[in-house]
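Written out below as structure tokens is the structure these notes cover.
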Amino acid sequence: MRSRISNGTGLVVTGLVATLVALLFPLWSYEDRSGTGLDRLDAETVATDFGPLTALDRDFVAKVRLAGLWELPAGRQAEERGTTKAVRTAGEHLVAGHTFLDARVREVAARLRLELPDQPGRQQRQWLAELSAARGGTYDEKFADILRRAHGAVFPVVAEVRAGTRNSLVRTLADDANTTVLDHITVLEKTGLVDFDGLARDAAPDQAPATRSPAPPGPTASPAPASPATPSPMYPLPPAASRPKPE
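Quick note on the UniProt record's numbering: the sequence shown kicks off at 1 and runs consecutively.
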């Protein structure tokens, strides 16, 4: 009799322990376990005097700088080579807008202690080479097509950053970028050379989503002073200017 009671008590205790383990396991699996999306987000976010700075924020700051490194020379080129007033005007807007944005992004990067790229990316260099090889009406068409596609691709990124950033400097930079990109889209479309059918095909849902480039590193311990990019020998970057004037 005593043995049966002891066995029964043991079964009850075993059942209670198993139940407790089952209840605790989900808590360990989802709240305390490393490798979740929230953990990764926290690991890539750094604290600054202007609010949290995420990997997406850093990637955005770098992209604003990269845009200026090739669109400023492209705009200067369009001012010289454009065969229509509308194309030359679009070039003027590119120069004014990205001169302003380049000054702004260098200021933001210096305050956040972020390193900035000083050369255009591979794709951007290819675009510049393609534009440099074109002449006459072909140049006008390539200019409008390449620049409109590039601005259309970056527009949603600006909106995403503006909607989600908790960093005040990145937020104001996104405001400035949004205004500039929208202005450039507008003047490029006024050339009458934009291939809207091609843009619609690019935006089709069956297209593979673009991959996001790795985020730049976090703030540096001892940042280098902000400086403009090395000028192109044919199309030098203009000096920093005030906010561009509307057309």
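Note that beta-carbon positions come from the ideal geometry of N, C-alpha and C, so glycine has one too. Just so it is clear, the structure is predicted and the values come from calculations on it, not from any experiment.
- Secondary structure of V194 (DSSP, three-state): coil.
- DSSP, reduced to helix, strand and coil, places L173 within a helical segment of the structure shown.
- One Cα belongs to L114, the other to F50, and the distance between them is close to 13 Å.
- Short of 8 Å from the beta carbon of H98, and not among the five residues preceding or following it, lie these beta carbons of its own chain, in chain order: A67, G68, E71, L72, G75, T180.
- If you compare the alpha carbons of L193, N167, P52, V64 with that of F155, the shortest gap goes to V64.
- If you compare the alpha carbons of K190, E189, V187, A159 with that of D175, the shortest gap goes to A159.
- Under DSSP, V46 takes part in a beta bridge, and its partners are L53.
- When DSSP states are grouped into helix, strand and coil, Q119 belongs to the coil group.
- Contact annotation, L169 with L112: C-beta distance approximately 6 Å; criterion of less than 8 Å satisfied.
- Between the C-alpha atoms of T48 and R171 there is a straight-line separation of about 14 Å.
- The C-beta distance from T191 to A86 rounds to 4 Å, short enough to fall under 8 Å.
- In the three-state scheme derived from DSSP, where H, G and I count as helix and E and B as strand, N178 is classed as helix.
- In the three-state scheme derived from DSSP, where H, G and I count as helix and E and B as strand, R113 is classed as coil.
- Secondary structure at R58: helix, using DSSP grouped into helix, strand and coil.
- Shown here, T138 sits in a helix according to DSSP, grouped into three states.
- In this structure, the straight-line span from the alpha carbon of L116 to that of T54 is close to 16 Å.
- Look at G82 here: in three-state DSSP terms it is coil, with no helix or strand label.
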